[in-house]
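Asks: Chains as they are written, first to last, in numbering that gives the first Met the number 0: chain A, 0 to 267; chain B, 0 to 181; chain C, 0 to 181. Even for Gly, the Cβ is constructed at its ideal location relative to N, Cα and C. Quick one: the structure is below, questions incoming.
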Amino acid sequence: MTTFETAEFGGRGSGLGNGTPLNRESRTPNSAVDSGFVVQLEAFSGPLDLLLHLIREQEIEITDIPIAKIAEQFLAAISQLGLNQAAEYLEMAAHLLRIKIQMLLPRPLDDREWEDPRAELVRRLLEYEQIREVANWLARQAEWRSDHFPRGYLPEPPDAPPPPLVFSLPDLMHAVEEVLAGIPRADIHRVVARPLDVEGATRRLRALLETRPQIDFREAVGESPTVADVISTLIAVLEMSRLGEIRLQQAQPFSPVEIVRESVDQAA
Amino acid sequence: MNQLTRLLEAALFSAAHPLGMAELRTLEPAATPEEIRAALDELRDIYQNGGHGVELVELADGFQIVTRREFAEQIALAQIIQRPRRLSAAALETLAIIAYRQPVGRSEIEDIRGVAADGVLRLLQERGLIDVVGRSESLGRPLLYGTTPGFLEMLGLRDLNELPRAEELSVALRPPEPATGP
Amino acid sequence: MNQLTRLLEAALFSAAHPLGMAELRTLEPAATPEEIRAALDELRDIYQNGGHGVELVELADGFQIVTRREFAEQIALAQIIQRPRRLSAAALETLAIIAYRQPVGRSEIEDIRGVAADGVLRLLQERGLIDVVGRSESLGRPLLYGTTPGFLEMLGLRDLNELPRAEELSVALRPPEPATGP
Chain A
0 MTTFETAEFG GRGSGLGNGT PLNRESRTPN SAVDSGFVVQ LEAFSGPLDL LLHLIREQEI
60 EITDIPIAKI AEQFLAAISQ LGLNQAAEYL EMAAHLLRIK IQMLLPRPLD DREWEDPRAE
120 LVRRLLEYEQ IREVANWLAR QAEWRSDHFP RGYLPEPPDA PPPPLVFSLP DLMHAVEEVL
180 AGIPRADIHR VVARPLDVEG ATRRLRALLE TRPQIDFREA VGESPTVADV ISTLIAVLEM
240 SRLGEIRLQQ AQPFSPVEIV RESVDQAA
Chain B
0 MNQLTRLLEA ALFSAAHPLG MAELRTLEPA ATPEEIRAAL DELRDIYQNG GHGVELVELA
60 DGFQIVTRRE FAEQIALAQI IQRPRRLSAA ALETLAIIAY RQPVGRSEIE DIRGVAADGV
120 LRLLQERGLI DVVGRSESLG RPLLYGTTPG FLEMLGLRDL NELPRAEELS VALRPPEPAT
180 GP
Chain C
0 MNQLTRLLEA ALFSAAHPLG MAELRTLEPA ATPEEIRAAL DELRDIYQNG GHGVELVELA
60 DGFQIVTRRE FAEQIALAQI IQRPRRLSAA ALETLAIIAY RQPVGRSEIE DIRGVAADGV
120 LRLLQERGLI DVVGRSESLG RPLLYGTTPG FLEMLGLRDL NELPRAEELS VALRPPEPAT
180 GP
């Protein structure tokens, strides 16, 4: 989480890519692919990234890729990394296999007519590698920046015209989304909870107390009560107690509340 | 300069607003208020006696490093403070509502966003993005706002119909229904 | 500290972006570039030797006072400044392509990276690092993206020319064309 997911690419020349402290730390040595070199999961930002990693790891000359070997390693890696579900990786795998086959075709007698089937791939890899170098540079620059804070307080210059504004359509659309997200929807307010049924609870309590002089609260709410049932029963109990129909008692603190029928004449 | 003084200098420098004692303490919870006071005194003395171009001031809501007044004019003349500003989220949201619901009155905007809008409206008007375009016929004849040509220009639009999803959003951006009673 | 050094300190404190020689000279037109250089050196030494919490750095084309790295963590933890979240490799690569090829459409980005770009583009746009800058004339008139001022700000750059140039990259900017045509 705290590391840049930026790969460090192979040491070539002394350009900006060198001295980069950013390496792929999430490339843990838990999946050895082929002999001896280690790849790891997640951290690949695409098939070119993985391919470049395989090439650089083995110090293969990019302009003369042993395509059969690399294709095999690529396939092994994506199946091991669980990337063989991703269309982009499969597409690259297919592409490598096609190049492999083209390499096997007999060359025309006139060698000048021969077109290296790997040429386009090499071009793409070099282009990608270059983008990677810039990406690393950007990461380092952003990292430096985020550790060195500039001045935070900006005084308004006296009597100066207001600074130019920057805002754009995406800003506006983002604001639209924010406003929409903030508008409470009418139906959120319409609570369709089951209504309380105090009358029903009162009837049930009276029926129970006809058979026995005393019941406990748990019996009163019935089996598998809903919140509404519990609250309805509670209100009914309190109301009946207020009217002197029942009495509430507890044997000791925290023990179940017992509902005791008062004498019949009082309840009337 | 001791380590605490250096930390306070860095924090005060980078903070966008004055820092009160409570905020300064969160920087270094191990330090006592007296130690922080002492460090602030040290910093103030260094700026004062070292003949710096800035000074440490204590304001109502905390401490702040500010440039010395004597340089204000030269700095303003050189116009080096100027830099593009982004609109605040509040301003953008208000602008979004006006763009899609114009002409629209202040109270409708406030109903939608749930907060007072006058400050933001004034700012947007000063910046030339909105303007008063009329008065409502309803009680009190409140002012109605709309976007300006400057607004379209900033977005590179020819007219309001080029706003994305204009019809759909002008319907969606409505004040919420009053909550239904129990 | 001499008067020019104090003025420069005040000016650098007032600006949130690096100030180049040209801007610094407008502050005190009477001063020669050598005198300004000397004053900047004095300021740098004072921060360095006085054990300050800030330092004077020279960026690609300007000078800026920034906090020392050692205090970044504490200042961020105390929530005095919000540190921007780090970008993923995918985001950085996409940003790199846009920075160098702008205005550039999605499909070109996808061709170079070999993966779908819509999610990353949305993220970069939400973070204010890129923006739609137009539409291509080609089929379907796809959107074209470019970097924003926020991109430069994130990197502490004044303009795109401060990005590494082709000859500074270890990999050739224009890879050799395949020996034979398609």
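Which value, in whole angstroms, describes the spacing of the CA atoms of ASP115 of chain A and VAL132 of chain C?
Replies: Looking at the two C-alpha atoms, the distance is approximately 39 Å.
Asks: Kindly list, in the order they appear in chain B, the residues whose Cβ is closer than 8 Å to that of GLN73 of chain C.
Replies: Neighbours of GLN73 of chain C on chain B, chain order: LEU6, ALA10, LEU26, GLU27.
Asks: Among B:ASP60, B:ALA75, B:TYR144, B:GLU161, whose alpha-carbon lies nearest the alpha-carbon of THR93 of chain B?
Replies: Considering only alpha carbons, the answer is B:TYR144.
Asks: Following the continuous beta strand (DSSP E) through VAL131 of chain B, name the residue where it begins and the one where it ends.
Replies: Run containing VAL131 of chain B: 129-134, per the beta strand (DSSP E) assignment.
Asks: Since GLU92 of chain B meets chain A, which of its residues come closer than 9 Å, beta carbon to beta carbon?
Replies: Ordered by position in chain A, the residues that pass the 9 Å Cβ test against GLU92 of chain B are ALA174, VAL175, GLU177, VAL178, GLY181.
Asks: Measuring only the C-alpha atoms, how far is LEU172 of chain B from ILE97 of chain B?
Replies: Going by the C-alpha atoms only, they are around 10 Å apart.
Asks: Take GLU34 of chain B and list the residues in its own chain whose beta-carbon comes closer than 8 Å to its own, dropping the five residues that flank it on each side.
Replies: Hits under 8 Å: LEU3.
Asks: Pick helix, strand or coil for LEU58 of chain B, following the three-state DSSP scheme.
Replies: In this structure, LEU58 of chain B counts as strand in the three-state DSSP scheme.
Asks: By the three-class DSSP mapping on this structure, what secondary structure does THR66 of chain B have?
Replies: In this structure, THR66 of chain B counts as strand in the three-state DSSP scheme.
Asks: Which same chain residues, not among the five before or five after ALA235 of chain A, have their C-beta less than 7 Å away from its C-beta?
Replies: Hits under 7 Å: VAL197, ALA200, THR201, LEU204.
Asks: Name the chain B residues whose beta carbon is nearer than 8 Å to that of ALA77 of chain C?
Replies: Here the neighbours are ALA10, GLU22, THR25, LEU26.
Asks: Below 6 Å, is the gap between the Cβ of ARG67 of chain C and the nearest heavy atom of the ligand ZN?
Replies: Looking at this structure, you won't find the ligand ZN or any other ligand, since it has none at all.
Asks: Quick check on ILE69 of chain A: does DSSP put it in helix, strand or coil?
Replies: Here ILE69 of chain A sits in helix by DSSP.
Asks: Quick check: the Cα distance between GLU27 of chain B and GLN73 of chain C, rounded to an integer number of angstroms?
Replies: GLU27 of chain B and GLN73 of chain C: Cα-Cα distance of roughly 8 Å.
Asks: With 7 Å set as the bound, which would you pick, yes or no: does the beta-carbon of ASP63 of chain A sit closer than that to a beta-carbon of chain C?
Replies: Chain C, which has no Cβ nearer than 7 Å to the Cβ of ASP63 of chain A, makes this no.
Asks: Could you work out which residues of chain C lie near ALA89 of chain B, taking near to mean beta carbons separated by less than 9 Å?
Replies: Those within 9 Å of ALA89 of chain B in chain C number zero; the least Cβ separation is about 17 Å.
Asks: Locate the beta strand (DSSP E) running through GLN248 of chain A, then write down its first and last residues.
Replies: Start and end: 245-249.
Asks: Based on Cα-Cα distance, which residue from C:GLN81, C:ALA77, C:ARG134 lies nearest to VAL103 of chain C?
Replies: It is C:ARG134 whose Cα lies nearest to the Cα of VAL103 of chain C.
Asks: Is the stretch 7-20 of chain B touching the stretch 55-69 of chain B, taking contact as three or more C-beta pairs under 8 Å?
Replies: Contact between the stretch 7-20 of chain B and the stretch 55-69 of chain B is present, because at least three Cβ pairs lie under 8 Å.
Asks: List, in chain order, every chain A residue whose beta-carbon is nearer than 7 Å to that of GLN63 of chain B.
Replies: Those within 7 Å of GLN63 of chain B in chain A are TYR152.
Asks: Can you tell me where the alpha helix (DSSP H) holding GLY149 of chain B begins and where it ends?
Replies: Unbroken alpha helix (DSSP H) run through GLY149 of chain B: 148-154.
Asks: By Cβ distance, which residues of its chain are closer than 7 Å to VAL65 of chain B, with the 5 residues on each side in sequence left out?
Replies: For VAL65 of chain B, where only same-chain residues beyond five positions count, the Cβ hits under 7 Å are VAL53, GLU54, VAL56.
Asks: Among C:ALA38, C:ARG68, C:LEU138, which residue has its Cα nearest to the Cα of GLU142 of chain A?
Replies: It is C:ARG68.
Asks: Note down, in chain order, every chain A residue with its Cβ under 9 Å from the Cβ of LEU122 of chain C.
Replies: Chain A residues near LEU122 of chain C: none, gap ~12 Å exceeds 9 Å.
Asks: Spell out the partners DSSP gives GLU257 of chain A in its beta bridges.
Replies: DSSP output for GLU257 of chain A lists A:ASP215, A:GLN248 as bridge partner(s).
Asks: Anything in chain F within Cβ reach of ALA95 of chain C, meaning under 7 Å, just list it in chain order.
Replies: In the structure shown, chain F does not exist; the protein chains are A, B and C.
Asks: Alpha carbon to alpha carbon, what distance is there between MET153 of chain C and THR146 of chain C?
Replies: Approximately 11 Å between the Cα atoms of the pair.
Asks: Can you find a C-beta in chain C that's less than 7 Å from the C-beta of PRO149 of chain A?
Replies: Chain C contact via Cβ: present.
Asks: Run through the DSSP bridge pairs and tell me what TYR144 of chain C is partnered with.
Replies: Beta-bridge pairing links TYR144 of chain C to C:VAL103, C:VAL131.
Asks: Secondary structure at LEU3 of chain C, three-state DSSP: helix, strand or coil?
Replies: It is helical.
Asks: Using DSSP bridges, identify the partner residues of VAL119 of chain B.
Replies: Answer by DSSP bridge pairing: none, since VAL119 of chain B is not bridged.
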